[in-house]
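In the numbering used here, the protein residues as written are 3 to 180.
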């Protein structure tokens with residue numbers, strides 16, 4: 003079982019501490035959501051865990067070894083991530099979820115639908131004219147579907163679920179109350 007740990011992790015930008023003295027464990031098979039206000043350090047923490055950033059202090063470990071001891075690509079393959087600034091593309095829902103060429107097999111369709119169901123997108127999917135083959139956006143098709151922000155986020159979550167990574171991390175901005 004893969005275990006990613008941080009010990010006294012810090013990341014500073016100028017005078018601002020985005021992550022300050024954080025120690026935590028992330029276990030294989032679990033899904034983690036970092037929720038907080040804009041600027042709270044969610045994306046910075048994820049980028050530190052993925053080795054996209056280096057900490058100013060502290061360290062990240064995989065199974066007790068510093069992540070610097072691992073090949074970067076091998077280490078990053080453990081993670082599926084949904085950043086708060088995710089993107090969808092002007093292709094079908096199925097292509098947005100799979101992020102690869104479709105083979106059109108019933109097994110592939112079932113995997114895509116299961117990922118969308120796990121992301122609680124099934125009700126919306128049932129309302130769409132072409133199901134998983136519904137075109138998103140209107141850049142290439144005047145009749146393309148425009149999703150709400152929350153619906154689009156669910157497709158991005160399904161994309162991450164479809165990748166079947168060992169650890170899934172999501173950054174979600176906390177909605178401000180009026």
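Yeah, the Cβ is synthetic: ideal placement off N, Cα and C, and Gly gets one too.
Local Cβ density within 10 Å of residue i, reported as buried at 16 or more and exposed below that
i	result
residue 81	buried
residue 164	buried
residue 43	buried
residue 70	exposed
residue 65	exposed
residue 37	exposed
residue 74	exposed
Residues that residue i bridges to, as DSSP identifies them
i	result
residue 174	37
residue 169	81
residue 13	21
residue 203	No answer is possible for residue 203: it lies beyond the span of the chain, which begins at 3 and ends at 180.
residue 93	Paired residues: none, contrary to the question.
residue 137	94
Limits of the unbroken beta strand (DSSP E) element including residue i
i	result
residue 101	Neither: residue 101 is in no beta strand (DSSP E) and is coded neither H nor E.
residue 198	Outside the modelled stretch of the chain, which goes from 3 to 180, sits residue 198, for which no answer is possible.
Which listed residue (the options) has its alpha carbon closest to that of residue i
i	options	result
residue 173	143, 88, 142 and 101	88
residue 84	145, 28 and 33	33
residue 41	65, 94 and 13	13
residue 55	104, 64, 15 and 29	15
residue 51	123, 28, 39 and 116	28
residue 59	39, 136, 25 and 45	25
residue 139	91, 9 and 47	91
residue 154	109, 127, 63 and 46	127
residue 129	35, 75 and 147	147
residue 102	72, 75, 162 and 46	162
residue 134	167, 151, 119 and 75	119
Supposed close pair residue i, residue j - CB separation, criterion 8 Å
i	j	result
residue 57	residue 11	5 Å
residue 160	residue 93	Not a contact, Cβ separation roughly 14 Å.
residue 95	residue 136	5 Å
residue 48	residue 169	Between residue 169 and residue 48 the Cβ distance is about 11 Å, and since that is not below 8 Å, they are no contact.
Delimiting residues of the alpha helix (DSSP H) encompassing residue i
i	result
residue 119	108-120
residue 127	124-129
residue 44	44-51
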